[in-house]
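Each remark here refers to the structure printed beneath this line.
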Amino acid sequence: MKNQLLLFLCLFGMTISQSQTFNDGVLEYTVTDVTNGYVSVKKYETAGPTGDLSIPETVVDNGLTYIITSIQDSGFFWSLGLTSVSIPNTVSSIGNRAFESCRVLESINIPNSVTSIGNKAFEGCWNLESASLSDNIISIGNETFSGCRRLLSIDIPNGVTSIGNSAFQGCGMLESINIPDSVESIGNSAFYGCFTLKSINIPNSVKSIGNSAFYRCRSLTNVVLPVDIISIENQTFSECSSLLTVNIPNGVKSIGSSAFSECENLTSIDIPDGVTSIGQSAFWNCSSLSSIILPEGLTDFGDSVFHGCSNLTSVSLPNGITRIPNGTFRGCSSLPSISLPIGIIIIGEQAFSGCSSLTSIILPDGLRSIGRNAFYGCTGLTNVTLPDNLTSMGASAFSRCSRLTSIAIPERITIISEGSFSYCTSLTNVSLPNGITSIGPRAFDGCSSLISVPLPNSLKFIYDQAFKDCNSLTSIILPDDLRTIGLGAFSDCSSLTNINIPGSVAIMGTFVFARSTALSSVTVNWNIPLAINANVFEGITIENIPLTVPAGTEAAYQAAAVWQDFDWSALSLLDFAIATVRLYPNPTSSFLKIDLNGTSELKKATIYNNLGQLISEEKETQISVSNYSKGLYFAEIETNQGKVTKKFMVE
């Protein structure tokens, strides 16, 4: 029992001794091993030491000599006046953030006794120009020298096996670095933003290189990658704007997103046969890249892979791909032609947008979908044949293809999307199949060479500005079942001379024919005048344009807003007029009689109010109107000899 108590007291005393701290007015020490007399060190005052600091090997307290073996975590953090540090050979470890943000620290010598350096140990030491590392460390931790803006060079000792994440990030003046054969991994963003790094030797011992490892190394001119890496990660060499050449080892299977994006001086790159995937924007804005051959093993790749490769003139695509992803060749303004594999079924959004040198393209027979803006701004494209299997075509798919002269829409297409052929200023011939139900907003806006467009009988909707600024369009035949004509649909069609609006149209937007100043005749087919806005014919002197209306409706049109303003001097009627038909008494308050004068047989009388709303359908020649509200009404009378519309008043 006594022995156990003695042991407890000894351990308790040791615990107290090991947590003991003391200082010499500049540095503070903490006992870490009372048996061996080891202590760790840190600054004593918050501001920390200034000028040159020499950490002693030993320190005496109360007659006991202690050996300094470690520098504590955050030991000299934010010591803004510290210019240099000498570390004794007794120190074996430097803690996390030990010298972080020592802004004026210029040099540090790390003796060979040190075996570990913590994360962020020298992060943010803006003025650190040189650092001599211990030969016995095995790793450089995360962010160890991150933000050391004036660090010019550093030798990584043999024996180091890993370089941590962001280890040298932001070392903007680091010109060269030697990586020894012992290194096996380079972490994410390890050399991110090392703007003046001109060359780097990556030994074959390296098996992995992390995301963004050399991002924005803008002075790096060439890179030889180790033979055993199997992937080039996301943004690894992104914005290496001076990079001229890079070899990709045969073992590489994947190239990550933006891996070489904005490598503006990269002229060529060989992609090995083993690569099966390429991430989005992998070669984005590689504006000097002139040719590329994609391996046959590649089955898919991400969006915008070659976006902005403005000098790309030659591309070879593998046969196994089934789609051209969004933005793949967007802005490849020097690409004159491309052969699409027969298995392609989808061309994505903006896939060839801005390919201004593309003169022709053969679309494979199996193609089903063309995405939004797919060929937008292909100003050199003169002709294109859309395959029969095509079922959808996105908005502005061929917008601003200013040399495109003709287009035939395949039968499986039912909608012409918004802006599909807008500003195709050379387009003279358009073939639309029966089956098209709608023409979207601005579909043919600005097609200034378009003379005529045969519209199919299936068409129900013409949307806003669909044919705006088609100033060569002289006539257009609207199909009998058309229901909607949108805002400004035929505005600024300065050569349009006549228009025939079917009675099926129930909605006609504002400015439909605005500023179509050549309009010389208008024919309408509503038995009840459609209420329209005065600006439908804005900028046109409609008082000089004759209006043709259905027989028997002339009185209604002459009383209707806007329609009454047309030229009625040469009245034209569409239907056979039955002159002998009359209504009486008129006005009436109880009943209305239809007098056919014995010359014809009544089939139906349809009654509308002055808003064009259906009130009733009658089969008899005497109609009760006692429940009708007071006001103006129209009776469309259909007989075996024809039809006529008469108006009557209920009072």
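Each position in the sequence shown, counted from 1, maps to that position plus 1449 in this note's numbering. Even glycine gets a Cβ: it sits at the ideal position worked out from N, Cα and C. Predicted model, so just to flag it, every value in this text is computed and none were measured.
For A2084, the uninterrupted beta strand (DSSP E) segment begins and ends at 2080-2088.
Around the beta carbon of I1858, a 10 Å sphere encloses 16 or more other beta carbons of the protein chains shown; the residue is thus reported as buried.
Shown here, E2100 sits in coil according to DSSP, grouped into three states, outside any helix or strand.
Apart from the 5 residues on each side of it in sequence, A2009 sits with its Cβ closer than 8 Å to the Cβ of P1978, A1980 in its chain, given in chain order. Assignment of N1627 by DSSP, reduced to helix, strand and coil, places it in the strand class. DSSP places Q2071 inside the beta strand (DSSP E), whose first and last residues are 2071-2073. In this structure C1758 touches S1736 by the C-beta definition: roughly 7 Å separates them, less than 8 Å. Close CB contacts of K2095 within its chain, under the 6 Å cut and outside five residues either way in sequence, are with L2032, A2084 (chain order). 8 Å or more divides the Cβ of T1966 from the Cβ of N1982.
Y1487 is the residue among Y1487, C1689, W1527 whose C-alpha sits nearest the C-alpha of T1539. A residue is called buried when at least 16 other Cβ atoms come within 10 angstroms of its Cβ; A1955 does not meet this threshold and is exposed. If you compare the alpha carbons of A1580, I1586, C1574 with that of T1564, the shortest gap goes to I1586.
A straight-line Cα-Cα distance of about 14 Å links P1790 and P1774. N1511 sits in coil when the DSSP states are folded into three classes, being neither helix nor strand. Boundaries of the alpha helix (DSSP H) harbouring A2004: 2003-2008, taken from the DSSP string. Rounded to whole angstroms, the separation of the alpha carbons of A1662 and S1648 is 14 Å. With distances taken between CA atoms, I1795 lies nearest to T1777 out of G1608, T1777, L1784. Ranked by how close their Cα comes to the Cα of N2089, the residues N1822, M2098, G2047 have G2047 in first place. Ranked by Cα distance from N1607, the options G1621, R1599, S1806, I1628 are led by I1628. Around the beta carbon of S1887, a 10 Å sphere encloses 16 or more other beta carbons of the protein chains shown; the residue is thus reported as buried.
For I1991, the secondary structure class from DSSP, reduced to helix, strand or coil, is helix. Taking each of S1550, V1508, K1491 in turn and checking the Cα distance to D1522, the smallest one comes out for K1491. A Cβ-Cβ distance of about 27 Å is found for the pair D1929 and R1964, leaving them out of contact under the 8 Å criterion. Look at F1986 here: in three-state DSSP terms it is helix.
One alpha carbon belongs to L1936, the other to K2068, and they sit about 39 Å apart.
The beta strand (DSSP E) runs lying completely inside the segment 1645-1685 and spanning 3 residues or more are 1648-1650, 1671-1673, given in chain order. Contact between I1589 and I1559 fails: their C-beta atoms lie close to 11 Å from each other, not under 8 Å. For F1962, no beta strand (DSSP E) encloses it, and the DSSP letter there is neither H nor E.
When beta bridges are read from the DSSP output, R1772 appears opposite I1795.
Here W2017 carries a strand assignment [DSSP, helix/strand/coil].
According to DSSP, residue pairing for A1580 in a beta bridge involves I1557.
Sorting C1850, F1916, R1821, C1620 by C-alpha distance to the C-alpha of L1830 places C1850 at the top. Taken atom to atom, the span from the alpha-carbon of I1516 to that of N1472 is near 14 Å. For W1733, the CB contacts under 7 Å within the same chain, skipping 5 residues up- and downstream, are S1707, S1710, E1711, S1753, H1756, G1757 in chain order. Excluding the 5 residues flanking it on each side, F1910 has same chain C-beta neighbours closer than 8 Å at T1886, S1887, I1888, L1931, R1932, T1933, G1935, in chain order.
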